[in-house]
Amino acid sequence: MSSITHLAERIVFGNRKVVVFLFVLATLFLGYQSSQMRLDAGFEKNIPLNHEYMQTYMKYRNDFGGANSVLVSVCDKQGNIYNQNFFDTLKNVHDQLFFINGVNRALVVSLFSPSTRFTEIVEGGFAGGPVIPADFDSTSPEALQLVAANVEKANIVGRQVSSDYSCAMVTAQLLELDPQTGEQLDTLKFASELEEKLRNQFSSEEISIHIIGFSKMIGDVADGAKDVLLFFAIALAITAIMVYFFSRNIMLTILPLLCSIIAVVWQLGLLSLMGFGMDPMSILVPFLVFAIGVSHGVQMINAVEKKAVNGAGAKHAAMSAFRTLLVPGGIALLSDTVGFMTLLVIDIGIIRELAITASMGVAVIILTNLILLPVLMSFLTFDKKYVEKFAGKEEKSSRFWNIVASCSHKKAAPIILVITALLFGFGFYQSQKMKIGDLHAGAPALHESSRYNQDTFLITDKYEVTVDYLSVLVETSPEACTSHTVMKAIDDFQWKMENVEGVQSTVSLASVAKVVNAGYNEGNVKWQVLPRNQQTLVQAISRIPTTSGLLNGNCSVMPVILFMQDHKAETISRVVDAVKTYRQDYETDDMKFSLASGPVGVMAATNEAVKSAQMPMMAYVFGAVILLCLLSFRSLRATLSVVIPLYVVSVLAQALMTFLEIGLTVSTLPVIALGVGIGVDYGIYILSTMSRRLKQGDTVQAAYLAALKERGSAVLFTGITLAIGVSTWVFSTLKFQMDMGILLTFMFLVNMLGAIIVLPALARLLWYKRNEL
Amino acid sequence: MKKAFLAMALACAGFSANAEQAFMAPLVKQSVLLDVVATDYLVIVGERGHILTSDDGETFTQQRVPTHSTLTAVDIVNDNVWAVGHDAIILHSADKGVTWQQQLYNPDIERPFLDVLFFDDQHGIAVGAYGLFYRTTDGGNNWKSERHPTLLSADDQAYLEQVKAEDEDFYQQELNSILPHINHVTLDGDTLYMAGEAGLLAYSNDKGRSWNRYDVDYTGSFFDIRPLSGDTVVAVGLRGNIFKMKEQGVWSYVSTCAPSTLNALFPLSDESITALGNNGMLVTLSRPLPDSTSTPYTPLYQCERPKEVSVQQLDDKAAVLNAVRFNNKIIGVSANGIKKLNLD
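In order, the protein sequence lines correspond to chains X and V.
Heads up: the first sequence runs through residues 1 to 773, numbered per this note's numbering.
Heads up: the second sequence runs through residues 1001 to 1344, numbered per this note's numbering.
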């Protein structure tokens, strides 16, 4: 190992100017590339496409629209929609939405769409027509009265008109591909068009516009994600101040920050080069890369400073730091990289992107902060004053380190370990109660007070619709809807599902056909049954168009739509389990009840994917960390000393999620992997010194004290700096960013504490044979 | 031990067989319920073979029933209960609606019963779609079909006579399909009243063996007919239309200006009666019932609601099918289940 280090040292420091020149060149090129970086969001990246449910979802997306819809509620602030201004605005909103690029124009529905019709039963049979007649004149009070009467007859109050008659809805489905370019639809552009062309244009003194749907949500997330620049600036400032206090030298402050920023630039440039955009959901990754970079940079300046204080020149100090840190730093960063790469096993696009983004960023740090940084530092000169500044510091801090080092004292160590074990037991118990999925109403990525969630609450409050629905797709043979047996099975299944706790209401072709059949019998509810007579059944079904979303063209597929009370994971899994139980009573070779479509169907799949990914992900991350530790320390005991505190902390983080009601979701799932990846750095740095000393025959406590003197201040410092930087996310407009901020702050701090308190105590236990004080 | 195990196994087997027949649904009280009847106990029937019983009008118990067919009507005589419905099903209970046996089931005729009426615990009739008419004289052990061509309008009767003279087979075919739906039968003393499809109102003085059709100037359907104290008879039907009969055979129109189909009449007091309808419409008329100058075909905007008529609507706009007074409460059944109605 050391011969490689020496070779690397000779090459790098033998050609310092060349190295710097190459880095400048690469930075210029990748900097240009990163400036081409776009925000990029897509619906399908957020879902586990290979999950069984999503296979069904993808298969029938074109027939029944997917889960990617947009709902625009136009509200009259006076509380009554029947006035000229409202109807003019509603028509404009309808037309405007119709023409926004990316909308599936066949599926734009409002009072003004021709498919919105009323039917009434009269002596001679049915009478009906469009709710808004072709010759509608909004200025005429009679016309408005007529529309009001038609709205009642059409039975759309609660769906297209709010229950209190203060709002009306325009809904649309989105296309996955942009019809103009044939490429993936630009969701963010679409969202900003919704904002500009609908909300900004039509909001007024009298009218308010409320928009919900995945596209709008992701647009709002992207807007919120732009704040990340502010957080970045704040974190940068805090870090700079802290690094200055640590290094007492402007250049030693600037250089690690500069190298870390270079790492971010490279990462973004490489991503852009690979054709990736930055997804708002993974906007935090550059931030993390920066933080990790600083953390390693501080180790580097710490090492340089220690040598410089002992009188070495800058170049020799830098070379020595390079030599001692290349291996532990490299191992630490490599385990980060591998740790993040393990996220690739999770079959959700967005997490894979995160895995690539993060692992690439961390890999880049090996170059920037372990090579470029010492090379740049070797050009510095340290004057006497600088050296003197640190002269007394060593003494002062060594008293502190003596106290800390007693963590590995034979009396203290068992106490620490017992407390740790207790904490672990408690944490483990709590972590079992961690919830999967979104625990709160509205869009989980955003705060409850956000515009989007307020709009969601308004719409779910004023209308009887809910955005939380799950479709079970009944797959059978063509023309099956004309079979009483098939329809009866659907109807019975639907009734059983309606009785499941958490299901608010249900609808299917069967239930609508029953109502139509009553309609054919003068609206007599006693006829609200599925006719046994095939012609009569056909007659009822023929009145239900495919645009209702209740059947496909040849009615071989019919969804049973279950509207849910909420989208909590427990509710979802209860309903999904009920589907799996009840469908056994009705499934035949020719009739399958397949899960699932609809937003909750997507959530069900995602929850299941996340849940089933959690264990393997942890196993892979820890597997990678263990393997790299074994390779670098060649000691099982050393590896255990590093990994056990890490594991305890990650369990505690899960317990924290239970406490703070943070569910395990696509956005929080990677946090633990990230936390472990970063947390391992502390242990590796400390143990690299310790294990060297232990091999030389030191006692555990002496080895640990030496490690603390060499690395302790840097470890403490990075833990605190990173935690402060990340904790600023608590103020983010994005809920998931806040959650990640809390969790990462916790993991940074507690991993640091684990490394300086639990690690030595464990080491004491593991090297118990050493004669000790 | 072995015996006990066997008994348990049998009990389980029995239970699961029953469970297959009836799904005990938490939401049964909110399901489509179509008729209610009460004496000192109360029975409700509805879709999917739902039967609910109650002793106090507060708690309702779903009973295990050997059918999934939608039940449309129910009648009580002492402890005997009969429920009828789709697939030409007739169920009987001899213990106030707790256990049920099937007396008739004939899905192949594709016709539902829509009402059932028992004169005593042996004699009863079940009526329904396309003139469906069954009678029993032995408490329902045997049911025999009857046809009553006299329920047809004069024109149709003349046409049938003509057919009968020409071709007996074709006559039977026509008779099978031409008869109107019988929606409701009401017994008042010795007189049996009937309401049905396409303007059918009729009465019988011999327990329904022969019928006299009233001449009403309306071709829409009627869903209930009920004599009030005094000589007045009221009938309600499609699109909120109400007709009253003061003198024998003379029906006149009562305008309500509330065009929702009225399903049943509920006598509120000696002074007033409430018609229960679709869209949650509850139309209360105070007596004497007003005369009207308009007809069933007068456009709504020209309609003037008489002061004797007051209209209220349920919040959920559920169709109300029937109601009874029980334990000082008015318990209605609707497309959204049991409703306590506040009409007083």
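We put the CB at the ideal spot given by N, CA and C, even for glycine.
In angstroms, rounded to a whole number, what distance separates the CA positions of A1129 of chain V and K514 of chain X? 17 Å
So L537 of chain X packs on P545 of chain X, CB below 8 Å; how close in whole Å? Actually they do not touch by this definition, with Cβ atoms about 16 Å apart.
Would R1325 of chain V pass as an interface residue toward chain X - the criterion being a Cβ-Cβ separation below 9 Å? no
Helix, strand or coil at D1115 of chain V according to DSSP, with G and I counted as helix: strand
Do we get a CB-CB distance below 9 Å when we pair N751 of chain X with the residues of chain V? no
Would you mind working out which of V:G1049, V:T1072 and V:I1076 sits nearest A1038 of chain V, comparing C-alpha positions? V:I1076
So does the region 245-265 of chain X actually touch the region 212-220 of chain X, counting three or more Cβ pairs closer than 8 Å? no
F426 of chain X versus A222 of chain X: straight-line alpha-carbon distance, rounded: 38 Å
Are S1252 of chain V and F1266 of chain V touching if we call contact CB-CB under 9 Å? no
Contact criterion: CB-CB distance below 9 Å. Does L1238 of chain V meet it with respect to chain X? yes
Quick check on V18 of chain X: buried or exposed, where buried means 16 or more other Cβ atoms within 10 Å of its Cβ? exposed
Local Cβ density within 10 Å of S140 of chain X, reported as buried at 16 or more and exposed below that: exposed
Residues of the region 141-153 of chain X with a CB closer than 7 Å to any CB of chain V: list them in chain order, please. none
Contacts of R532 of chain X in chain V (Cβ-Cβ under 8 Å): D1087, P1107 and E1110
Do G754 of chain X and P645 of chain X count as a contact pair if the criterion is CB distance below 9 Å? yes
For S203 of chain X, which residues of its own chain have a beta-carbon under 8 Å away from its beta-carbon, when the five flanking residues on both sides are left out? I209
CB L71 of chain X to CB T171 of chain X, shorter than 9 Å? yes
Using a Cβ-Cβ cutoff of less than 6 Å, which residues in the same chain neighbour K153 of chain X once the five nearest sequence positions on both sides are dropped? F118 and E120
Return the bridge partner residues of A1126 of chain V from the DSSP annotation. V:V1116 and V:Y1134
Taking all protein chains shown into account, do 16 or more other C-beta atoms lie within 10 angstroms of the C-beta of A1165 of chain V, making it buried, or fewer, making it exposed? exposed
Does T1261 of chain V come within less than 9 Å of chain X when only Cβ atoms are used? yes
Length of the line joining the Cα atoms of S1334 of chain V and D1224 of chain V: 16 Å
From the DSSP secondary-structure annotation, give me the bridge partner or partners of I1044 of chain V. V:V1036 and V:L1052
Using the C-alpha atoms, what's the distance from T718 of chain X back to N369 of chain X? 14 Å
Anyone know if the C-beta pair for S378 of chain X and M319 of chain X falls short of 9 Å? yes
Please report whether the beta-carbon of G964 of chain V lies at a distance below 9 Å from any beta-carbon of chain X. Only positions 1001 to 1344 of chain V appear in the structure, and residue 964 of chain V is not among them; the question remains open.
Contacts around A624 of chain X, its chain only, beta-carbon distance under 7 Å, and the 5 residues preceding and following it disregarded: S335, V338, G339 and T342
Which residue comes first and which comes last in the beta strand (DSSP E) that contains H1092 of chain V? I1089 to S1093
Neighbourhood of E353 of chain X by C-beta distance below 8 Å, restricted to the same chain and skipping five residues each side: K45, F276, D279 and S282
So is N1368 of chain V in contact with chain X if we call contact Cβ pairs under 9 Å? Outside the shown range of chain V (1001 to 1344) lies residue 1368 of chain V, about which nothing can therefore be said.
Spell out a yes or no on whether the region 567-583 of chain X and the region 436-448 of chain X are touching, meaning 3 or more CB-CB pairs, one atom from each, closer than 8 Å. yes
Per-residue contacts from V525 of chain X into chain B (C-beta, under 7 Å): Protein chains in the displayed structure are X and V, and chain B is not among them.
Using a Cβ-Cβ cut-off of less than 7 Å, give me the residues of the region 496-515 of chain X that come near chain V, in sequence order. K496, E498 and N499
Taking its Cβ as the centre, do 16 or more other Cβ atoms sit within 10 Å of S1204 of chain V, making it buried, or is it exposed? buried
Check the Cβ-Cβ distances between D164 of chain X and every residue of chain V, and say whether any is below 9 Å. no
Would DSSP call Y60 of chain X helix, strand or coil? coil
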